[in-house]
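Reminder that position 66 of the sequence shown reads as 71 in our numbering, one-by-one numbering, no gaps. Ideal placement from N, C-alpha and C gives every residue a C-beta, glycine not left out. Nothing here was measured: the structure is a model prediction, and the numbers come from that model. Below: the structure, in C-alpha cells.
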Amino acid sequence: MKTGRILYPAWLDLRNTPVLVVGAGRVALRRTTALLEAEAAVRVVSPRRLPEFKSWITSGKVEWINREFQDSDVESARLALACTNDPEVNRSVVRAARSHGVWV
C-alpha cells in the first residue's frame with residue numbers, strides 16, 4: 006500500500022500561458038529558463054533578483070514585479086511556482102493558488 010502523495014507526471018503546452026514565479030534566486034532561475042523555452046508568459050514576483058534575470062526583464066521576456074508576494078498575484082496565472090527559500094512564503098503561494106484554482 007502506498008502512503009503519502011501520489012504525483013502524476015504531465016506534459017503541458019505552456020505557450021503564451023501566464024505563469025507566476027515567486028522568487029528570483031537559483032531555483033527560480035532554472036524554472037524561468039525552462040518556462041521561457043516553453044514560450045510561457047512569465048511574471049516573476051520578488052523584491053530581489055539574481056543578475057541573470059536582467060536581460061530577460063529589459064527585453065520584455067519576463068515581467069518583474071519588484072516586491073514581496075501578495076495573494077492577489079496568482080489571479081492572472083494559470084500555473085504558479087513557489088521558488089523562494091522561505092517556507093512560509095512558499096506555503097502562502099500554494100494556498101493562494103489553490104484557492105483561485107491555479108495549478109501549483
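- Comparing alpha-carbon positions, the option among 23, 49, 32 lying closest to residue 73 turns out to be 49.
- When only Cα atoms are considered, residue 13 and residue 25 end up about 21 Å apart.
- With 16 or more other CB atoms across the displayed protein chains lying within 10 angstroms of its CB, residue 97 is buried.
- Per DSSP, reduced to three states, the secondary structure at residue 61 is helical.
- DSSP places residue 109 in the coil class of the three-state scheme, outside both helix and strand.
- Counting other Cβ atoms within 10 Å of its Cβ, residue 55 stays below 16 and is therefore classed as exposed.
- In the structure shown, residue 19 adopts coil according to DSSP, grouped into three states.
- Membership of residue 48 in the beta strand (DSSP E) is indicated by the continuous run 46-50.
- In this structure, DSSP gives residue 29 a state outside helix and strand, which the three-state scheme calls coil.
- Per DSSP, residue 43 lies in no alpha helix (DSSP H) and is assigned neither H nor E.
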